[in-house]
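Order-wise, the sequence lines are chains R and X.
Sequential numbering of the first sequence, starting at 283, is according to our numbering.
Sequential numbering of the second sequence, starting at 4, is according to our numbering.
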Amino acid sequence: MKKKTIPLAITFLTGVIIVVTFFIPHPPFGRLQEDALVWYSVIFGFTMLLGVDSLVRFHATKLRRREKGSWFSTIFFLGLLLSFVTGLISELRFGDAFKVQSSFMYFYNYVLIPLQSTMFALLAFFIASASYRAFRARNLEATLLLITAVIVMLGRVPAGYMLWHKLPPITSWILNVLQLGPMRGIMIGIALGTVAMSLRLILGIERTYLS
Amino acid sequence: MSIWERLGKIDRRIIFLIIGIVVLIPIIFGLKMSVQISPAVQSAYNAINDLKPGSAVMISIDYDAASMPELQPMLIAILRHCFDKNLKVILIDFWPLGLPIGTQGLEQVAKEYKKKYGIDYVNLGYRPGDIAVMLRMGLEIRNVFYGDISGTPLDSLPMMDNIHNYDDIAVVVGLEAGSMGDYWVQYVNARFKQKLILGVTAVMAANAYPYVQSGQIEGLIGGLKGAAEYERLVHHPGFAHVGMASQSWAHVAIVIFIILGNIGFFVERRKGKRL
């Protein structure tokens, strides 16, 4: 019984305090909010450690079981070790790991940046291939989507202006009028959903997070 | 299979190859394309341009290397604008892997304009805590950032003498590749009435447009095109202009592929009806 009652009470109190202090930022509530935010920052910091711990355990298990593709886990450990060692050496040598001449920054600039940029850049190729396959005028709705996509795709780049100078204003109209109404509806819907879910959590109706 | 039917079944490797070529050629030859200024970027530019010299601009680096090609040119262009107008720049970071990128950009432009650290600009570094950090800065920046990126106490930096919270910051510029932009609007603009400008990746721009029309943000710089527009406004065409040529021709290539795909689709459908 206590196993669930105590967390529910903590959730209720924290939720109510945060809501009240947001609308009444004056003493004593303002102070309470400040304290809650400090706790939040501390807990947030620890979640990063938790993340590292979880990743290390996950990959260590994969390596131990010699699962398929476990060499990716070896690369993970190498990356982790390399960034930790270069970071430590740079900190000790330069007093700041972010100094341009440090080994950590060399690792960051010539390994991490190209790898991350490559991963993101691959999107362009997949989007091109997916657009070619998906944008087919199969029915009225698909045709409307196709026409809108082509206009926006061309209107958002200088080549569109070169083709027809009215494409950029038409694109702006699509983005600011046609797109904005439904987008607002979605955002308001999400916000209302968040409020409803928060209330369910605060009032103890939603308890799945305890299991 | 006729040639028309084949148009509907182009091998994806051919698509990849053509996209690769149209992206690479402008980059290799440094081809640049002129861009038209959109109202959202013009508003962002005006919001900074109208500030008095000496006003403080806070720039939040909320991206990492994955979004660097889109957002870094924005950072460089905005920094050039700020230093050209003799504005004070405060750099903060909410993405741990974004800090080195932001620092490099700041140092590069500060050197270009011969600006001095602690007097013209300050780098506060990274702090975990997202919303908590944003809200606490509303009371006192020193409550969150006890020192700058090197640990130097903020009180020993002349520029920070009269800067304590959002009341002392003219504009916050959020360069976003995630959800931090929404937090800036929902918590900092809504609560502290802080003027905001958002620079976001192209895929996020559609989500950020409602904030422009509602007046919650002063301006929006969307994707590489937004960066190229800002570069044009500060009369310093750079990487975004080169990237714009690549993006431009890649979009044209995709549209051509879509047209070819539909030709193949219609031919196949007509043939199916006949049979």
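Using N, Cα and C, we set each Cβ at its ideal position, and we do this for glycine too.
Item	Value
Runs of beta strand (DSSP E) lying entirely within the segment 132-219 of chain X, each at least 3 residues, in chain order	174-179 and 199-203
Length-filtered (3 minimum) beta strand (DSSP E) runs lying within the segment 37-120 of chain X	59-65 and 91-96
8 Å contact criterion, which LEU345 (chain R) and THR356 (chain R) should meet: CB distance rounded	7 Å
Cβ pair count under 8 Å reaching 3, the segment 61-81 of chain X against the segment 102-113 of chain X	yes
Three CB pairs or more closer than 8 Å across the segment 15-27 of chain X and the segment 404-420 of chain R	yes
Pairwise C-alpha distance: GLU73 (chain X) and LEU295 (chain R)	43 Å
Nearest-angstrom Cα separation, counted from LEU332 (chain R) out to ALA291 (chain R)	25 Å
Minimum Cβ-Cβ distance from SER70 (chain X) to chain B less than 8 Å	As a matter of chain content, chain B is missing from the structure shown, whose protein chains are R and X.
Alpha carbon of PRO494 (chain R) to alpha carbon of THR293 (chain R), nearest angstrom	The requested residue 494 (chain R) is not part of the displayed model; chain R covers only 283 to 493.
Any chain X beta carbon closer than 8 Å to ALA410 (chain R)	yes
Environment of ARG313 (chain R) [buried if 16+ CB atoms lie within 10 Å]	exposed
N-terminal and C-terminal residue of the alpha helix (DSSP H) that GLY33 (chain X) is part of	Note, GLY33 (chain X): premise wrong, no alpha helix (DSSP H); not H, not E.
Positions along the segment 23-57 of chain X whose CB lies within less than 9 Å of some CB in chain R	GLY23, VAL26, MET36, SER37, VAL38, GLN39, SER41, PRO42 and ALA43
Interface flag, ASN421 (chain R) vs chain X, CB-CB below 8 Å	no
CB of ILE40 (chain X) within 8 Å of CB of ARG194 (chain X), strictly	no
Test: ALA244 (chain R) CB closer than 8 Å to a CB of chain X	With chain R covering 283 to 493 only, the question about residue 244 (chain R) has no answer from this structure.
GLU143 (chain X) burial status per 10 Å Cβ neighbour count (16 or more: buried)	exposed
Chain X contact for PRO450 (chain R) (CB, 8 Å cutoff)	yes
Contact list for ALA511 (chain R) against chain X, beta-carbon separation under 8 Å	Outside the displayed range of chain R (283 to 493) lies residue 511 (chain R), so it cannot be described from this structure.
Counted within 10 angstroms of its Cβ, other Cβ atoms place ALA478 (chain R) as buried (16 or more) or exposed	exposed
CA-to-CA distance, ASN126 (chain X) to ALA243 (chain X), given in whole angstroms	24 Å
Reduced DSSP category for VAL237 (chain X) - H, G, I as helix; E, B as strand; rest coil	coil
Buried versus exposed call for THR106 (chain X) [16 or more other C-beta atoms within 10 Å across all chains shown]	buried
Length-filtered (4 minimum) alpha helix (DSSP H) runs lying within the segment 288-356 of chain R	311-346
Alpha carbon of MET465 (chain R) to alpha carbon of ASN52 (chain X), nearest angstrom	30 Å
Which listed residue (X:TYR212, X:LEU223, X:ILE259 and X:ALA68) has its alpha carbon closest to that of ALA259 (chain R)	The displayed coordinates of chain R run from 283 to 493. Any statement about residue 259 (chain R) would go beyond what the structure contains.
Every unbroken beta strand (DSSP E) inside the segment 419-488 of chain R [3 residues or more]	none
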